[in-house]
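Chemist: Quick one: this structure, given as structure tokens, is what I'll be asking you about.
Number of protein chains: 2
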Amino acid sequence: MLPGFTQYMDNALTASHDDRLKTAMAYSLDAGGKRLRPLLVLATAVVLGADPASAYPAASAIEFIHTYSLIHDDLPAMDNAQLRRGKLTSHVQFDEPTAILAGDALLTDAFSCAVAGDLPAAVRAENVRILAQAAGSSGMVAGQMMDMEGSHKELTATELATLHRHKTGALLRAAVALGANVGGASPADRMHLDNFASAFGLGFQIKDDIEDVTETAAELGKSNNQDAANAKTTYVSLYGLTGAKEQLHQQYERAQAELNQTSVDVTVLAAIADYLA
Amino acid sequence: MLPGFTQYMDNALTASHDDRLKTAMAYSLDAGGKRLRPLLVLATAVVLGADPASAYPAASAIEFIHTYSLIHDDLPAMDNAQLRRGKLTSHVQFDEPTAILAGDALLTDAFSCAVAGDLPAAVRAENVRILAQAAGSSGMVAGQMMDMEGSHKELTATELATLHRHKTGALLRAAVALGANVGGASPADRMHLDNFASAFGLGFQIKDDIEDVTETAAELGKSNNQDAANAKTTYVSLYGLTGAKEQLHQQYERAQAELNQTSVDVTVLAAIADYLA
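If you're matching them up, the sequences are chains A and B in order. For the record, in the first sequence the residue sitting at position 32 is 32 according to UniProt numbering, with numbers rising by one throughout. For the record, in the second sequence the residue sitting at position 137 is 137 according to UniProt numbering, with numbers rising by one throughout.
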């Protein structure tokens with residue numbers, strides 16, 4: 001199902017009226033990410049019986065937002081990263097103004113994507129609400145702010161969980177919520193899918209913390225040991241490697257248990273959750 | 001009509017989950033701007049017979065977007081401005097990461113505003129489309145990119161008009177289009193209102209170029225003679241002060257003429273257009 005989606009998403013870029021801006025947007029969007037968030041949108045819609053193409057606009061929107069967040073997080077004033085997914089970061093490949101603006105454009109255009117398509121206006125408006133709530137000042141951006149404020153100081157376990165619930169968890173939950181909205185899930189299924197997404201999101205972050213210390217830069221496609229270099233609190237720094245692996249396994253079990261409580265055939269989503277195994 | 005609006009807009013900020021982020025968002029949003037874009041949204045809705053409160057969500061959304069664009073334009077990597085509306089710019093008052101994130105949050109939350117309220121979902125979805133198109137890679141952000149690329153080189157008259165149509169014109173047109181959408185304007189009225197907004201937007205930019213050379217920093221609430229300092233092409237550098245004033249007057253006449261061709265009582269919008277006189 002992803003080739004059709006990728007083509008749809010790339011077409012959504014063609015609107016830009018400035019060549020350099022469009023080049024920079026495409027550079028980061030096509031930098032070889034896992035497309036995890038679109039995959040969650042599409043898979044959730046599909047297990048609920050929807051045509052996957054009906055979820056392409058929402059899936060494109062969330063990948064635009066994820067991509068913008070990486071560009072801005074990598075900026076010199078933020079994490080000052082040189083490498084992302086094995087390629088130079090946007091401000092290194094282009095320059096800082098271009099990276100800021102490419103991020104701004106991807107974030108804005110995400111909402112053009114979210115309202116596009118043939119779904120009823122109420123479904124598209126709800127998709128916009130889900131995305132904006134998850135990505136904005138009470139979601140992902142708040143998480144990034146907590147992350148900047150938390151650098152170079154020790155966070156408690158509660159503070160760390162709050163940070164990740166906002167910084168990475170909110171958008172992963174939004175991906176599943178978008179799919180549930182497009183697929184017209186029942187209230188009970190929405191609740192279990194949301195609980196699944198919360199567990200998956202937390203597990204995803206714990207896995208990221210583990211890989212930062214266990215994998216090489218080549219394996220990661222970005223610099224490794226960055227958390228220690230930036231003196232960031234992680235699940236590994238708080239619980240040790242073994243403790244972090246145990247917590248990862250707990251979230252994996254919780255994610256699968258929630259899926260099994262829905263009323264639909266969740267095979268596709270269960271396969272995605274195996275990423276945590 | 002504006003006190004009720006200001007209260008509505010300030011309430012839209014209370015959602016943030018991070019105190020520093022929220023403080024920075026409020027600092028720039030409440031920095032004493034003219035509220036021109038919300039005023040255009042509300043005035044257009046009102047001349048079409050709509051309840052102004054029905055346009056508060058869209059009016060808040062566009063002011064959030066305008067405010068984010070100022071914060072990001074002022075960043076060290078962009079215009080590197082120290083002063084805005086007589087106050088320190090966001091990255092000077094706070095720091096650069098906070099300014100980047102406050103801008104990102106305002107831009108994202110704008111779309112939470114745009115889909116809020118009791119209007120039919122089709123109207124709210126169309127408001128999102130109008131805003132995202134005007135502010136994104138084929139609108140305002142493209143204009144800002146052209147502006148960065150055009151610094152330190154001479155632009156032709158056509159290039160300058162293209163730049164301003166994107167950088168400032170698109171959002172002013174969006175303000176009127178939002179009001180027309182909320183007010184349910186006829187296709188003919190939408191066309192004349194859009195032409196009015198184009199003329200007003202161009203006149204607004206010419207006036208800005210004129211004031212940069214004729215007013216003091218205290219009068220402007222920001223540094224003056226910035227265009228010359230940044231070697232930017234302006235209507236004054238292309239046509240001289242007298243020529244720029246003539247072009248401003250032409251756009252003023254055009255704006256009023258378009259208003260007079262609508263089917264409604266345009267008194268309130270005509271009064272706003274007098275800003276150009």
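All C-beta atoms, glycine included, are put in the ideal place defined by N, C-alpha and C.
(1) Select from the stretch 71 to 104 of chain A all residues with a C-beta closer than 9 Å to any C-beta belonging to chain B, and list them in chain order.
(2) Quick one: Cα of glutamine 251 of chain B to Cα of lysine 34 of chain B, how far?
(3) Smallest Cα separation from lysine 245 of chain B: which of B:Ser263, B:Asp227, B:Ile210 and B:Ala271?
(4) Can you give me the C-alpha to C-alpha distance between residue 293 of chain B and glutamine 93 of chain B, rounded to a whole angstrom?
(5) Spell out a yes or no on whether the stretch 231 to 247 of chain B and the stretch 107 to 118 of chain B are touching, meaning 3 or more CB-CB pairs, one atom from each, closer than 8 Å.
(6) So residue 301 of chain A and lysine 207 of chain A are supposed to be a Cβ contact under 8 Å. How far apart are they, rounded?
(7) Could you tell me which of A:Asp265, A:Gly143, A:Gly201 and A:Gln261 sits nearest to glutamate 159 of chain A, measuring between CA atoms?
(8) Helix, strand or coil for arginine 85 of chain A, going by three-state DSSP, please let me know.
(9) Please work out which residues of its chain come closer than 8 Å, Cβ to Cβ, to residue 353 of chain B, disregarding the five sequence neighbours upstream and downstream, and give them in chain order.
(10) Quick one: is valine 141 of chain A near chain B, going by C-beta distance under 8 Å?
(11) What is the C-beta distance between arginine 37 of chain A and leucine 172 of chain A, in whole angstroms, given that I count them as a contact (C-beta under 8 Å)?
(12) Verify whether the separation of the beta carbon atoms of glycine 179 of chain B and leucine 42 of chain B is less than 8 Å.
(13) Taking the alpha-carbon of valine 236 of chain B as reference, which of B:Ala157, B:Pro57, B:Arg84 and B:Ala170 has the nearest alpha-carbon?
(14) How big is the Cα-Cα spacing for leucine 193 of chain A and aspartate 265 of chain B?
(15) Between the stretch 66 to 76 of chain A and the stretch 44 to 58 of chain A, do at least 3 Cβ pairs fall closer than 8 Å?
(16) Is the distance from the Cβ of leucine 106 of chain B to the Cβ of threonine 67 of chain B below 8 Å?
(17) Tell me the residue span of the alpha helix (DSSP H) that contains leucine 48 of chain B.
(18) Any C-beta of chain A within less than 9 Å: which residues of the stretch 193 to 214 of chain B qualify?
(19) Mind checking whether serine 186 of chain B and serine 16 of chain A have CB atoms under 8 Å apart?
(20) Looking at chain B, is there any beta carbon in it that lies within less than 8 Å of the beta carbon of alanine 188 of chain A?
(21) Name the residues in the stretch 108 to 142 of chain A whose C-beta lies less than 7 Å from a C-beta of chain B; which are they?
(22) Would you mind reading off the limits of the alpha helix (DSSP H) that contains asparagine 181 of chain A?
(23) Please report the straight-line C-alpha distance between aspartate 147 of chain B and aspartate 95 of chain A, rounded to a whole angstrom.
(24) Is any beta-carbon of chain A found at less than 8 Å from that of serine 16 of chain B?
(25) Residues of chain B with a CB under 7 Å from the CB of glutamate 149 of chain A: which are they?
(26) Find the nearest neighbour of glycine 177 of chain B within the set B:Asn11, B:Ile62, B:Asp18 and B:Ala12, judged by alpha-carbon distance.
Modeler: Considering the structure as presented:
(1) His72, Leu75, Pro76, Ala77, Met78, His91, Asp95, Glu96, Pro97, Thr98, Ala99, Ile100, Leu101, Ala102, Gly103 and Asp104
(2) 20 Å
(3) B:Ile210
(4) Lying outside 1 to 277, the shown extent of chain B, residue 293 of chain B is not represented and no answer is given.
(5) no
(6) As shown, chain A starts at 1 and ends at 277. That puts residue 301 of chain A outside it, with no answer to give.
(7) A:Gly143
(8) coil
(9) Absent from the structure is residue 353 of chain B, since the part of chain B shown begins at 1 and ends at 277.
(10) yes
(11) 7 Å
(12) yes
(13) B:Ala157
(14) 52 Å
(15) no
(16) yes
(17) No alpha helix (DSSP H) holds leucine 48 of chain B; DSSP gives it neither H nor E.
(18) none
(19) no
(20) no
(21) Thr108, Asp109, Phe111, Ser112, Val115, Ala121, Ala122, Arg124, Ala125, Val128, Arg129, Ala132, Gln133, Ala135, Gly136, Ser137, Ser138, Val141 and Ala142
(22) 170 to 182
(23) 15 Å
(24) yes
(25) Arg20
(26) Strictly speaking, residue 177 of chain B in this sequence is alanine, with glycine absent from that position. The shortest C-alpha separation from alanine 177 of chain B is found at B:Ile62.
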